[in-house]
Every structure is written in C-alpha cells, then in structure tokens.
Amino acid sequence: MDLGYKAMLHHLYGDNIMFEEAAEANRLHALMHHVFIQNALLNFDSIVQKFIQRHFSDLHSRPSVQVYETFKLFATELMLALFLDLDVSDSADLVHDVASLATTHWHGVISVPMNWSVSYWSSSCKRAVEAKDKLLERIRDRLASQTDEGSFLTRAREAGFKDHAELEQHILPFVSALVPKAIASLLASFTLALCSENQEDMQEKARESSDYLDWCLLETERLWPPVLGGRRLVREDFVLDGYKVPKGYAVIYVSSIAHRDPNVFKNPNSFDPTRWANKRTEKEKLLFCYGDGPRCCVGTSLMKNLIKKVSQYLVGHYNWTLGDQEEDLDYKWLPMARPRELSVSFTRIDQSEASSELAGSD
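Note that the sequence shown covers residues 0 to 361 in numbering that gives the first Met the number 0.
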C-alpha cells in the first residue's frame, strides 16, 4: 500500500515524504528523525518553558479562557520559534505574516482542490498554493540566515538532504497550521477531560503523579485523536479480515472508532486513565494518534514531550472548571477534532502544595 495522498495534497506540499515510495520515504524518515529528535534541538526545554510562561502564567487573571484558541496561539508561536528561529517578541511582523500565510494554506488543505479564479475571486485552493509558495520563500530566507550551532535550522542544513528544495519542502509541514492545530486539539481535549464530575480528584492525582498524568494524556489520545483517520491505496489484491480488497482501491481507517473498539478497550467511551496502569508499552501500540509504521510522524517524541510539559504546568499551577455550563461541548471532528465551545476558569493553586515529584519530572 501507499498513503494515497499525492493526488489530493501534492500541489499544497510539493515533493514530500508523504508522497514517496517506500525506499525514498525510509531515507527521508531517517534524515528527519535525526533532525527532529528532542535532544538534538538546542535549548528545546528552555524555549518551551519560555513560551509556556508567556502564554499560561496569567490564566487565573482572566474571567474565562477559550482554551482551544489559547493553545493554538501558543503552539503557532512556539513552532515558529523552534523551526524558523522566529520570536514574536522581536520579529512580530514576520511571525504574523508567516502565521497568516499558514492559515491561508490550511484553508486550501481542507477545501475541494479547484485551482481556478474568476474576476476578483479566487478559490481557497488557488490562494493556498500561492500561500505555500510564499511560505517556502520565508523558509528559504530563514535557512540563509545566521543561526546558532545546534538549532533546528543549522541541523537541518547539515542533515544530508539532496538539495535546498528538498529541505524546504520538509520544513513546510512543521511551520504550517497543521501541527499547532493538532497540539491545540490534544490540549483542549485534555483540559475538558479533567473538567469532569470528579475533576478535582483527577487534577490532584495528575499533580501528584507523573505516571498518572501520562495515563491521562494517553487516554486523551485514545478518545480524541486530532485527525479523524487516514487512507492507504492498495497496490495488489489482498484479504483484510476476510474481505478481498482489489488493487487500486482505497482503505480508509477512522482512528477514534478503532480506539473505542469494545473488543480492545473495556468501557471504551469512558475516560479512564487507570486502564494504562499495566502493560503500558504494549497497550500504547494499540493507538495510532501519530500514525504507525515507517510513515508515522517523525516528530512524535518531541510533540508528546511538548504536550506533557504544557499539561504538567497546568496541573502544577491551576485547578480549573468549565467557564460556562451552557456551552456546547459536543465534538467537532473535522477538519481537526476539538470541542465546539470550551471556555474554562482557572484558579491558581498554592505552589507549596504542588508535587515535588511532578515538578522534577521530564
């Protein structure tokens, strides 16, 4: 099988690992894994902590917080700092320019691929292609700039990509709107999950135990994966669970449904962090929030670490409750899973009560 996305997305992402044959995809995956692993990025922890403080240190001073939008802004600015070495505090105009282009690009990703224009009106797809070209220009400019040794851009230049174009195309997804929206989706779902009837108990347990916090995050991935699912194109006839699938057909999978299979997970619709208490490593293989196999997300460990740091800060500094009991908390599953409405009221906790175990964990 192959991923089957080239016909739909190639014009918006260009030559990219998503569209390559197995051997070429493996080469690119190895290069990108070397670049994107957390320990290889200069000052990763300090950069993340700086942005956490910037965006979340005053949550208690706001009457209520629209958490999805708050998390999305945080993730957008952080991704540009990590991957383009741009900080809104000293490059505000450029950061806003790139973020605006990324939004236009995203609207094309989720639209019908019609590339045409009439008079003063252009299709979302056509505008997205234009935004992609401008994003690649911004990436090219940043790659040509002077950066610190060990930074992402420096490591990317030295990684062994065949040429500048290949490198630029593989930075593009990380500065597009896709990653910030996925991060915001998971963090918003985590925040909502700990607003349940026994939320004070869950928040306290997550505050006291790093393991329990990990279980909460795994349960969030299971119930509310940001991306609904995916597809694979069949290269030759094969049998799947007793069904013959002909060559050329597409196989569609839906992550959220698979993650709620009662044959795999007991009480599958319940948010139960303790289900991960035993044989966690083995059970984690049952999730594909970040994909699976050789085409899985190359930034999985970095993203999971980032989400852990944010959630750790939240439970270590705040208790929270729903800001508006009348809000529609049903999920919007497309294009990215998230609660339709979610405002939260945060209350600062006494730091002397915060767990020393959690404060010192990774």
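Where is the CB? At the ideal position from N, CA and C, for every residue including glycine.
This one's a predicted model, so the numbers in the text were calculated from it and none came from an experiment.
- Contact between D323 and S63 is confirmed by a C-beta separation of about 7 Å, below the 8 Å threshold.
- V94 and A336 have their C-alpha atoms spaced approximately 25 Å apart.
- With a cutoff of 8 Å on beta-carbon distance, F82 and V174 are scored as near each other.
- Contact between the segment 133-140 and the segment 170-184 is present: 3 or more CB-CB pairs across the two stretches fall below 8 Å.
- Relative to the Cα of V34, the nearest Cα in the group A22, I170 and R230 belongs to I170.
- Each residue's CA atom was taken as its position, placing E167 and H258 some 35 Å apart.
- Counted as a single uninterrupted DSSP element, the stretch harbouring S184 is not any beta strand (DSSP E) but the alpha helix (DSSP H) occupying residues L177 to A192.
- A contact between stretches requires three or more CB pairs, one per stretch, nearer than 8 Å, and the segment 183-192 meets this requirement with the segment 63-77.
- Taking a C-beta distance under 8 Å as the contact criterion, E340 and L286 do not qualify as a contact pair.
- In terms of Cβ geometry, L321 and C194 form a close pair [threshold 8 Å].
- Counting only runs that start and end inside the segment 201-268, the alpha helix (DSSP H) elements of at least 4 residues fall at 209-222 and 254-257.
- Collapsing the DSSP output to three states places K284 in coil.
- K131 and G290 have their C-alpha atoms some 24 Å from each other.
- In the three-state reduction of the DSSP assignment, Q48 falls in the helix class.
- Rounded to whole angstroms, G298 and L77 show a C-alpha spacing of 14 Å.
- Only residues of its own chain outside the window of five on either side were considered, and among them none has a CB closer than 6 Å to the CB of K265.
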